[in-house]
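Novice:
2 protein chains.
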Amino acid sequence: MDKIIKKAGRRPGQNKTKTSIVAAAEALFAKEGFDHTTIRAIATQAEVDPALVMHYFGSKQALFIAATAPSQQMPHKIAQELSRGNPETMGLRLATLFVGMLEAKPTSHIVVNALKAAIRIPGAAALLKTVLVRPILKAFRESALDHAELRATLAQSQLVGIVMTRYILKIEPLASLPPEELIAYIAPTLQRYLTDDLNNNKKEVL
Amino acid sequence: MDKIIKKAGRRPGQNKTKTSIVAAAEALFAKEGFDHTTIRAIATQAEVDPALVMHYFGSKQALFIAATAPSQQMPHKIAQELSRGNPETMGLRLATLFVGMLEAKPTSHIVVNALKAAIRIPGAAALLKTVLVRPILKAFRESALDHAELRATLAQSQLVGIVMTRYILKIEPLASLPPEELIAYIAPTLQRYLTDDLNNNKKEVL
DNA sequence: AGAATATTCTCAACACTGTTGAATTATTAG
DNA sequence: CTAATAATTCAACAGTGTTGAGAATATTCT
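Printed below as a string of structure tokens:
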């Protein structure tokens, strides 16, 4: 019933230029960060008028989200590697995967820039949640643990803290710690958040 | 020997206006954040020319640091309350103090804004370290634990993660968690970082 | 064909930002 | 008074995200 009234006028194009804008934005945002990337620079690199960028995306923030969102292929891999293997070693495996992701340049930039931007861009927090919480939740679906979302966000709080202190603020001696050591330190924390009994605060287990 | 050559010219004033600029900056930065606070607004509130602000502080970032630095009276109290009491309950006490600090409006704004700004202002990371790491280190001086700085920064990573996920990004269900619950969850983590044997990754202690 | 309509794109400008340099006024010393 | 130094002001710069008017272009209808 909807297609009875055919509208006249030009059809939406093949988004050739729109795609090139996103590509330019993705590259520049990753290299220069949100602040130091100007809409005019994106337009220049995409060989396009700056106003056209606004016309398509409405704002610089919206463009950032549009350009950063595609990097959500990453969580799938994490979720896959995370869900195979027994839950008792999930903390160690999550720590290993996550730190490994941050030690490799291209993926590191994505997470770091996403976190930096999430602070001042409303809606980018949702993006972060997708990158960091969803893979953990996905891996949870097969194990029968209570409070899955709480556990996932608690683990996320430790991971986000590592990104902040080690990779953004670069606070020593944490920043210069060998990856293996860092993994060994935070793995038990993640393990506790993910699988331990949360309502049992065991002070005497030392 | 230095005062032999008396310099001519006007003496440096009593910093009356300089003080009012800092006061205006402190208020505006706390209320509006770094981005949405303009140097012109600060100048207006201080009844001063914008160029005078630049003349005194050189840049907006430097002014921010100058205006935020005074909030370092806070760590002293934390350090005091942290150092009395036995080390075995330090994790719980640190968690309680820290979360309490973030649940109270005025102090919460300080930490949140400091963290937000530390991301893009070079040198503000040092400020953060003063607020979060030094009190822990100070409380450490009396106990004889190894790797004090590493332990302090590890604890900081969890605390910063909480500030980010709960108070800035507001990711659920962590953001709506009752403070007591949150404290109960992260206290064991802090305790482990602060006093446990870090080289012993105990997988079997469940 | 031509008229109508919708999309793509360009241009010039706006309001606002942090920042700068020169000029002006005020204070102090010789 | 004169000269030097500080406090302050003024006007402007280059840059930002954003906007609105309109031109070009493509598609569909009659």
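Here the protein sequences come in this chain order: W and D.
Using numbering that gives the first Met the number 0, the first residue of the first sequence is number 0, and each one after it goes up by one.
Using numbering that gives the first Met the number 0, the first residue of the second sequence is number 0, and each one after it goes up by one.
Note that the Cβ used here is the ideal one computed from N, Cα and C, for glycine as well.
1. Taking the alpha-carbon positions, what's the Ala147(D) to Phe139(D) distance?
2. Contact criterion: CB-CB distance below 8 Å. Does Glu179(W) meet it with respect to chain D?
3. In angstroms, rounded to a whole number, what distance separates the CA positions of Arg191(D) and Leu197(D)?
4. When the Cα atoms are used, what is the spatial distance from Leu96(W) to Ala68(D)?
5. Are the segment 35-48 of chain W and the segment 8-25 of chain W in contact at 8 Å, needing three or more beta carbon pairs?
6. Find the residues of chain D that neighbour Gly160(W), judging by a C-beta separation of less than 9 Å, and give them in chain order.
7. Only counting runs of 4 or more residues, tell me where the alpha helix (DSSP H) segments fall wholly within the segment 14-72 of chain D, in order along the chain.
8. The alpha helix (DSSP H) spanning Lys128(D) covers which residue range?
9. Going by CA-CA distance only, name the one from Ile120(W), Leu62(W) and Ile135(W) that's closest to Ser82(W).
10. Determine the closest residue to Ala94(D) out of Ala186(D), Asp195(D) and Leu193(D), with distance taken between C-alpha atoms.
11. Does the contact criterion of 3 or more C-beta pairs under 8 Å hold for the segment 161-175 of chain D versus the segment 149-160 of chain W?
12. Please list the terminal residues of the continuous alpha helix (DSSP H) segment that includes Gly90(W).
13. What separation, rounded to the nearest whole angstrom, lies between the Cα atoms of Asp34(D) and Leu173(W)?
14. Is Glu180(D) helix, strand or coil by DSSP?
15. Along the chain, where does the alpha helix (DSSP H) containing Ser156(D) start, and where does it finish?
16. Within the 8 Å Cβ cut-off, does Leu80(W) reach chain D?
17. Can Thr188(W) and Ile170(D) be called in contact, C-beta distance under 8 Å?
18. In this structure, how does DSSP classify Ile118(D) when only helix, strand and coil are distinguished?
Specialist: In terms of the structure at hand:
1. 7 Å
2. No, no contact with chain D.
3. 8 Å
4. 37 Å
5. They touch, by the three-pair rule.
6. Gln155, Ser156, Gln157, Leu158, Val159, Gly160, Ile161, Val162, Met163 and Thr164
7. 15-31, 38-44, 49-56 and 59-67
8. Ala123 to Leu131
9. Ile135(W)
10. Here the closest residue by C-alpha is Ala186(D).
11. yes
12. Met89 to Glu102
13. 29 Å
14. helix
15. Ala147 to Ile161
16. In the sequence as presented, Leu is not what sits at residue 80(W); that position holds Glu. The beta-carbon of Glu80(W) is placed no less than 8 Å from the nearest beta-carbon of chain D.
17. no
18. coil
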